[in-house]
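*Asks:* The opening position of the sequence shown corresponds to residue 1 in the UniProt record's numbering, with each subsequent residue numbered one higher.
Take this structure, written in structure tokens, and hold onto it; I'll ask about it next.
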Amino acid sequence: MSTTFQLDTSTSRANPTPQPMKRLTVPKIRAHKADGETKQPLVMLTAYTARQAQLLDAHCDILLVGDSLAQVIYGLPSTIPVTLDMMANHAAAVVRGSYHAVVVVDMPFGSYEASKEQAFESASRLLKESGAAAVKLEGGEQMAETVAFLNQRGIPVMGHVGLTPQAVNVLGGYMARGRDDAEAKKIVGDAKALDEAGAFAIVLEGVLEPIAIEATKAVSCPTIGIGASAQCDGQVLVTEDMLGMFERVPRFVKKYENIAEVIDRTVAQYAEEVRERSFPSADQTYQPKKG
Ligand code: KIV
């Protein structure tokens, strides 16, 4: 994809503007898996801001505006306090910063569990205010009726089973799920129920690999793994985790870079130059015209 730059005269920033291209659609994502086979795994990353979306967009099939923004952006201890306003605002920024990937927005805790009608009201608000194409919600069989209700009314739904962070107070922590037979069976059953209800994809988070493989084989829609298996139909990570923004990350994260170190080094240099008055230099200052 080629990129042009538009100068914003009010800020002097050159905003990268990729040549408009056709955005992927939810049916295209769903069709990635045909007859139980996915030739090329789906690439999904989280995005919370417009600039981040611009940088990720060309490489990803799906940008997830995850409620993990609680910890990553807001410094909150869990995803429980996240609100619809927070999700709608960040999702709108991500839609503005992307042209290619399907943007999916997380439904925050408390905005959908009470009834399918509550879920429709919250999900329709998220899509109207942000321009995102679909929502994601946590939970298995107990959410199947809601998934069908939303889907039949024009709202595509991505499911999320296994380790479901919004249920941290019930689960007692963020440990991998499915360590006993009953729980393993339930996770596969949950994935099947969401698939039958019309979910267009299902995130499998923090599950033992054999369960991820069994669930992937058991459902017709693509599964997207995080701490699951390379055999899933796609993968997702929290972008800041894989870039190395945080020292401590879950075991399933691969750090592809060490951005925290780059920032530390760069800011230390800036601080030193300010203190010794070598910044700003002639290149960064305005002088009166000569003559
Ligand atoms: O909120 C989030 O970022 C997520 C992913 C980790 C799947 O739900």
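The beta-carbon is built from N, C-alpha and C at its ideal position, and this holds for glycine as well.
(1) Would Glu247 and Ala260 qualify as a contact pair, given that the criterion is a beta-carbon distance under 8 Å?
(2) Please report the straight-line C-alpha distance between Thr223 and Asp233, rounded to a whole angstrom.
(3) Return yes when at least one heavy atom of ligand 1 lies under 7 Å from the C-beta of Gly97, else no.
(4) So who's on the other strand from Ala34, going by DSSP bridges?
(5) List the endpoints of the continuous beta strand (DSSP E) containing Met158.
(6) Could you check the C-alpha separation between Phe279 and Ala47 for me, to the nearest Å?
(7) Here's the rule: buried if 16 or more other CB atoms are within 10 angstroms of the residue's CB, otherwise exposed. What is Gln52?
(8) Within the same chain, show all residues whose beta-carbon is closer than 7 Å to that of Glu141, passing over the 5 residues directly before and after it, in chain order.
(9) Thinking Gln69 and Met86 are a contact (beta carbons under 8 Å), I'd like their distance in whole angstroms, please.
(10) Just list the residues that DSSP pairs Ile224 with in beta bridges.
(11) May I ask whether a heavy atom of ligand 1 can be found less than 7 Å away from the beta carbon of Thr46?
(12) Curious, which full-length alpha helix (DSSP H) runs of at least 4 residues does the segment 39-89 contain?
(13) Once you ignore the five residues that flank Arg30 on each side, which residues in its own chain have a CB closer than 8 Å to its CB?
(14) Exposed or buried, what is Met1 when buried is set at 16 or more other beta-carbons lying within 10 Å of its beta-carbon?
(15) Can you tell me which of the three DSSP states Met1 falls into?
(16) Can you find a heavy atom of ligand 1 that lies under 7 Å from the Cβ of Gly66?
(17) Reducing DSSP to helix, strand and coil, say where Ala212 ends up.
(18) Thinking C-alpha only, which one of Pro41, Tyr174, Ile263, Gly66 is nearest Gly244?
(19) What does the alpha-carbon distance come out to for the pair Thr79 and Leu171?
*Replies:* Reading from the atomic positions:
(1) Working through the sequence shown from its first residue, we reach residue 247 at position 247. Working through the sequence shown from its first residue, we reach residue 260 at position 260. Yes, the pair counts as a contact, with Cβ atoms nearer than the cut-off.
(2) Here residue 223 refers to the residue found at position 223 of the sequence shown. Here residue 233 refers to the residue found at position 233 of the sequence shown. The alpha-carbon atoms of Thr223 and Asp233 are separated by roughly 5 Å.
(3) Position 97 of the sequence shown, counted from the first residue, corresponds to residue 97. No; taking the cut-off as 7 Å, the Cβ of Gly97 has no heavy atom of ligand 1 nearer than that.
(4) Looking up residue 34 in the sequence shown gives position 34. In the DSSP output, where bridge partners are listed per residue, Ala34 has Glu37.
(5) Taking the first residue of the sequence shown as position 1, residue 158 is located at position 158. Residues 157-162.
(6) The residue labelled residue 279 in the question sits at position 279 within the sequence shown. The residue labelled residue 47 in the question sits at position 47 within the sequence shown. Whole-angstrom Cα-Cα distance: 33 Å.
(7) Along the sequence shown, read from residue 1 onward, the residue named residue 52 stands at position 52. The residue is buried, with at least 16 neighbouring Cβ atoms inside 10 Å.
(8) On the sequence shown, residue 141 is found 141 positions in, with the first residue counted as 1. Gly189, Asp190, Ala193, listed in sequence order.
(9) Here the question's residue 69 lines up with position 69 in the sequence shown. Here the question's residue 86 lines up with position 86 in the sequence shown. As written in the sequence, residue 69 is Leu, which differs from the Gln given in the question. Going by Cβ atoms, the distance from Leu69 to Met86 rounds to 7 Å, so yes, they are a contact pair.
(10) Here residue 224 is taken as the residue at index 224 of the sequence shown, counted from 1. Its beta-bridge partners are Val203, Gly234.
(11) The residue you call residue 46 lines up with position 46 of the sequence shown. Yes - ligand 1 has a heavy atom lying nearer than 7 Å to the Cβ of Thr46.
(12) 50-56, 69-72
(13) For the purposes of this step, residue 30 is taken as residue 30 along the sequence shown, with counting starting at 1. Phe200, Ala201, Cys221, Pro222.
(14) The residue labelled residue 1 in the question sits at position 1 within the sequence shown. Note that Met1 has pLDDT 49, beneath the 50 cutoff, so the model's placement of it is unreliable and the number below is only indicative. The residue in question, Met1, is exposed, as its Cβ has fewer than 16 Cβ neighbours within 10 Å.
(15) Position 1 of the sequence shown, counting from 1, holds the residue named residue 1. Confidence at Met1 is low in this model, with a pLDDT of 49, below 50, so the placement of that residue is unreliable and no value is reported for it.
(16) By one-based count along the sequence shown, residue 66 stands at place 66. At least one heavy atom of ligand 1 is nearer than 7 Å to the Cβ of Gly66, so yes.
(17) Translated into positions along the sequence shown, residue 212 becomes position 212. The answer is helix: DSSP assigns Ala212 an H, G or I state.
(18) Along the sequence shown, one-based indexing puts residue 244 at 244. Nearest option by C-alpha distance: Ile263.
(19) Numbered from 1 along the sequence shown, position 79 holds the residue referred to as residue 79. Numbered from 1 along the sequence shown, position 171 holds the residue referred to as residue 171. When rounded, the distance between both Cα atoms is 14 Å.
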